[in-house]
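Heads up: the structure comes next, in structure tokens.
In full-length UniProt numbering, the protein residues as written are 1 to 791.
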């Protein structure tokens with residue numbers, strides 16, 4: 001049998017196919033806009049990704065639904081048209097045969113248009129090329145580059161159909177997968193195991209597709225039924241600094257001292273594996289990091305947090321009785337086993353290592369014990385190497401010659417084999433083989449770590465990981481070890497697929513994401529550091545991370561002009577944190593997006609369909625960074641309406657040329673919106689005690705709307721106890737306060753864009769405010785409220 005694969009190549013599938021001759025099709029009309037189709041073998045149990053159906057309504061009455069499913073018996077296929085758009089077909093599998101074998105599942109569908117996004121994680125533009133582009137979904141720890149399978153696998157795509165309409169498709173399958181986009185346009189799914197478990201989202205608009213998708217992935221791997229993406233701790237939105245190479249507590253302290261002495265905000269200081277004894281996790285270097293608890297106390301007194309990188313690999317070579325994580329893990333049977341039932345030994349930084357099996361409940365208890373131990377001494381942790389990674393192929397003893405380690409078909413992966421850079425596919429875990437579970441490993445570790453941190457700390461945890469749909473409920477996502485160069489900077493907006501492009505990560509249920517500002521590999525330049533810091537100020541998660549051999553890239557090592565430009569960008573971020581935090585509240589409660597592609601907010605504007613060099617925060621703040629070396633001006637697309645920067649621009653859907661000197665990142669506020677801000681401090685704890693500011697962007701009709709969500713910043717039971725305030729701001733009217741359990745919210749100033757003439761006076765709390773200004777050239781009026789107004 002032949003399969004048309006990467007760039008049109010023909011691949012012969014070797015070995016026995018073991019075709020499955022009888023299939024059962026299950027159809028469930030779960031909601032008005034969501035159809036669930038499952039094709040499986042009724043005679044033999046195959047691996048299925050765990051999914052809670054608690055939120056599925058299971059309605060078979062399609063009278064009010066947007067779709068009806070049509071079937072063709074021979075050859076078998078199905079068609080899902082859309083009632084709201086009769087000429088549009090969301091899925092049509094009748095144009096090519098369905099193939100269903102033990103280790104080869106192939107499903108072909110035509111596409112409604114060539115405007116396809118998603119199917120990450122890959123190094124691609126926002127709109128995928130349908131000219132025989134092949135994308136492999138198989139988690140791998142690798143520096144991002146073209147044609148590589150990267151850190152996460154998200155088998156979800158969205159198609160923009162035109163006229164503002166869209167639909168999406170999600171294949172719930174964790175096996176290795178290849179997806180081929182064809183110019184007809186069409187798409188072919190090929191998975192090497194599991195079942196065909198399809199969710200079809202009818203929208204009808206892109207934002208609705210995102211919400212429908214998030215409703216499903218909220219239940220993938222349902223260890224903790226948290227629903228939509230997690231509500232993150234407020235401090236995690238601050239600036240993070242990390243380097244593999246801060247080799248002692250004194251070196252780490254010195255970095256913090258110099259950052260704050262240079263007046264750079266810094267909330268979270270990290271240590272990479274430098275803190276460990278011989279790279280063994282859950283240990284501390286007894287000489288260079290002996291006073292780590294004292295350093296932690298100093299950081300906490302400054303209002304900061306401290307984070308450790310924690311790998312899952314557990315060293316297996318220490319003498320018995322000297323390394324408790326391995327000794328206790330062996331006794332409790334928590335490690336992944338090889339095909340003969342022995343602990344499988346791979347290799348990462350400490351040398352030969354065992355990997356925990358997070359599908360085993362005993363492992364989760366063992367993991368919590370050691371999380372509790374390390375956090376008793378220190379603080380919080382981040383996760384790495386959990387694709388999972390191995391420096392040897394499969395294991396130190398090699399993998400058996402089996403159908404799992406040598407399957408009849410292997411998607412195009414870096415290294416040519418599924419066990420390259422990871423474990424043997426025949427490795428045994430509690431739920432199944434690693435062949436079925438590989439892409440879920442980071443998700444399962446994130447779930448176990450999230451649960452442990454909640455129990456240990458009793459507050460919102462910080463977890464950073466990779467992996468699979470549903471990860472946003474437990475963790476933020478980082479996009480891997482990028483290089484310090486302009487190409488990597490440019491691709492940090494379209495990103496590396498997974499729909500994790502800065503704009504689209506939220507579309508995949510991962511709103512809290514970030515790239516390494518300035519890059520991990522290679523030396524940066526001053527200009528690149530400035531431009532990446534300006535862009536990074538608008539990543540939901542902002543971290544500067546460097547590697548041992550590189551030149552320093554802390555913000556204070558550069559010239560005064562560059563420092564001023566970066567300080568301005570980071571301070572701007574800190575001033576906007578109340579707005580960013582409110583966006584995360586809406587993501588957590590309503591599946592709204594944080595970093596937003598333009599087509600999501602302007603689906604009917606054809607100019608927005610493929611834009612991937614600018615993005616929105618929510619629906620109201622437009623960011624257009626400099627992505628080219630030496631640029632001092634740039635073109636930005638402003639959708640129809642009024643957009644305010646220093647001067648208003650009344651756009652009919654145009655590309656104005658904007659000035660962009662080294663100290664500038666262009667940010668525009670959309671008319672009709674009110675942005676809450678706060679005077680920035682050097683930490684979020686200092687900022688949170690400062691007065692709030694309002695940035696009011698009036699529409700042509702003189703109105704604007706905005707809101708602020710505010711709580712303690714890290715409580716687990718904010719909503720249960722009602723310990724929060726949700727404040728509605730309306731220009732020209734009295735706002736509304738929902739709940740209002742928190743007092744002490746003080747409004748200290750406001751800036752109003754679009755004021756047609758100078759105001760005669762400003763009132764606050766029934767008294768005149770004399771300290772206000774007006775600029776006739778920009779139509780901006782501002783006031784520092786001498787009589788502070790309590791919200």
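Yeah, the Cβ is synthetic: ideal placement off N, Cα and C, and Gly gets one too.
Can you tell me whether residue i is helix, strand or coil according to DSSP?
i           : result
residue 450 : helix
residue 269 : strand
residue 517 : strand
residue 114 : coil
residue 278 : coil
residue 62  : Only weak support exists for where residue 62 lies, its pLDDT of 43 falling under 50; the value from the coordinates is given anyway. Of the three classes helix, strand and coil, the one that applies to residue 62 here is coil, per DSSP.
residue 601 : helix
residue 364 : helix
residue 584 : helix
residue 18  : coil
residue 260 : helix
residue 557 : helix
residue 774 : strand
residue 502 : Caution is warranted here: a pLDDT of 46 is assigned to residue 502, below 50, making its placement in the model unreliable, and the coordinate value is therefore given only provisionally. If DSSP states are grouped into helix, strand and coil, residue 502 belongs with coil.
residue 541 : coil
residue 390 : coil
residue 671 : coil
residue 134 : strand
residue 425 : coil
residue 686 : helix
In the DSSP assignment, find the alpha helix (DSSP H) that holds residue i and state where it starts and stops.
i           : result
residue 437 : 434 to 437
residue 794 : Because the chain is modelled from 1 through 791, residue 794 falls outside the range shown and cannot be assessed.
residue 328 : 324 to 332
residue 779 : Segment: none, residue 779 is in no alpha helix (DSSP H) and carries neither H nor E.
residue 792 : Outside the modelled stretch of the chain, which goes from 1 to 791, sits residue 792, for which no answer is possible.
residue 467 : Careful: residue 467 lies outside any alpha helix (DSSP H) and carries neither H nor E.
residue 214 : 206 to 217
residue 300 : 292 to 301
residue 720 : 718 to 721
By the 10 Å Cβ neighbour count, where 16 or more other Cβ atoms means buried, how is residue i classified, buried or exposed?
i           : result
residue 276 : buried
residue 249 : buried
residue 670 : buried
residue 300 : exposed
residue 782 : buried
residue 772 : buried
residue 645 : buried
residue 387 : buried
residue 780 : buried
residue 146 : exposed
residue 533 : buried
Which residue wins for smallest C-alpha separation from residue i, given the options the options?
i           : options               : result
residue 560 : 399, 419 and 262      : 262
residue 108 : 137, 196 and 679      : 196
residue 627 : 642, 607 and 666      : 666
residue 172 : 166, 258, 123 and 218 : 218
residue 364 : 448, 653, 127 and 748 : 448
residue 777 : 756, 766 and 768      : 756
residue 346 : 298, 421 and 541      : 421
residue 754 : 775, 159 and 470      : 775
residue 362 : 413, 330 and 621      : 330
residue 48  : 191, 232, 570 and 522 : 191
residue 530 : 463, 42, 752 and 629  : 629
residue 710 : 717, 716, 745 and 680 : 745
residue 738 : 747, 719 and 732      : 719
What is the residue span of the beta strand (DSSP E) that residue i lies within?
i           : result
residue 191 : 186 to 191
residue 767 : 767 to 769
residue 628 : Premise fails: residue 628 is in no beta strand (DSSP E) and is neither H nor E.
residue 353 : 351 to 354
contact_flag[the region 684 to 696, the region 654 to 663] where n(CB pairs < 8 angstroms) is 3 or more
no
How do the region 307 to 321 and the region 268 to 284 stand: do at least 3 beta-carbon pairs fall below 8 angstroms, yes or no?
yes
**Prompt:** Does the region 206 to 215 come close enough to the region 578 to 593 to have 3 or more Cβ pairs within less than 8 angstroms?
**Reply:** yes
- Message: Assess contact between the region 599 to 609 and the region 198 to 209, defined as three or more Cβ pairs (one per stretch) separated by less than 8 angstroms. Is contact present?
- Response: yes
Q: Flag this pair as touching only if the region 17 to 36 and the region 86 to 106 have three or more C-beta atom pairs under 8 angstroms; answer yes or no.
A: yes
ask   = Is the region 550 to 569 in contact with the region 440 to 456, if contact means three or more CB pairs nearer than 8 angstroms?
value = no
Does the count of Cβ pairs from the region 406 to 416 and the region 314 to 326 closer than 8 angstroms reach three?
-> no
Looking at C-beta atoms only, is the number of pairs between the region 278 to 288 and the region 335 to 355 that lie closer than 8 angstroms three or more? yes
Q) Would you call the region 389 to 409 and the region 467 to 483 in contact, with 3 or more CB pairs under 8 angstroms? A) no
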